[in-house]
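> Got a structure here, written out as structure tokens. Questions coming.
Numbering (the numbering used here), first residue to last: 286 to 407.
Shown next as structure tokens:
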């Protein structure tokens, strides 16, 4: 049941990402921000569910160190996040939950950087 909820959240986030990319192509930054916000919310939920399943091993992982980039290119970052979520979904289907968590966490961080970049433009 939890696996289904995780997959549903990731699929929903992927849909929001697709919509955000389309909005970006139309130069509608307000829509981009809204769709990115929805995707981040879904990913937070998926990460919460994944963390419940793997409480000890995920929290102390060294790969969580964030990289600080100066400028974020919005469309490539959105596409990268979407690809990571496709991989995360495949990992869930293969019962590789730690890999799914890692990819979902990284995708969420990409989207947080996009949100930050959009906020700076306001």
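Note that the Cβ used here is the ideal one computed from N, Cα and C, for glycine as well.
On a predicted model such as this, the values are computed, not experimentally measured, just so you know.
Between which two residues does the alpha helix (DSSP H) carrying residue 399 extend?
In the chain shown, counting from the first residue as 1, residue 399 sits at position 114. From DSSP, the alpha helix (DSSP H) with residue 399 extends over 382-406.
> Please report the Cβ distance between residue 299 and residue 387, rounded to the nearest whole angstrom; I am assuming they are in contact, meaning their Cβ atoms lie under 8 Å.
Your numbering for residue 299 matches position 14 in the chain shown. Your numbering for residue 387 matches position 102 in the chain shown. With a Cβ gap of about 17 Å, residue 299 and residue 387 do not count as contacting.
> Report all residues from its chain with a CB closer than 6 Å to the CB of residue 372; omit the five preceding and five following residues, and keep chain order.
As a position in the chain shown, residue 372 is number 87, starting the count at 1. Cβ neighbours of residue 372 within its own chain (closer than 6 Å, five residues either side excluded): 388.
> If you follow the alpha helix (DSSP H) that residue 308 is in, where does it begin and where does it stop?
Counting from one through the chain shown, the residue named residue 308 turns up at place 23. From DSSP, the alpha helix (DSSP H) with residue 308 extends over 287-310.
> DSSP three-state label for residue 379, please.
As a position in the chain shown, residue 379 is number 94, starting the count at 1. Coil, per DSSP.
> Among the candidates 316, 383, 302 and 290, whose CA atom is the shortest distance from the CA of residue 365?
Taking the chain shown and counting its residues from 1, the one referred to as residue 365 is at position 80. For residue 365, the nearest C-alpha among the options comes from 302.
> With a threshold of 6 Å on Cβ separation, who are the neighbours of residue 317 within its own chain once the five nearest residues in sequence on each side are excluded?
One-based indexing of the chain shown puts residue 317 at position 32. Excluding sequence neighbours, residue 317 sits near 305, 308 and 309.
> Counting along the chain, where does the alpha helix (DSSP H) carrying residue 314 start and finish?
For the purposes of this step, residue 314 is taken as residue 29 along the chain shown, with counting starting at 1. Run containing residue 314: 314-338, per the alpha helix (DSSP H) assignment.
> Residue 393 and residue 334 - do their beta-carbons sit closer together than 8 Å?
By one-based count along the chain shown, residue 334 stands at place 49. By one-based count along the chain shown, residue 393 stands at place 108. It is not a contact, given that the beta carbons lie outside the stated cut-off.
> Can you tell me the Cα-Cα spacing of residue 358 and residue 399, whole angstroms?
Walking along the chain shown from the start, residue 358 turns up at place 73. Walking along the chain shown from the start, residue 399 turns up at place 114. The straight-line gap from Cα to Cα measures roughly 8 Å.
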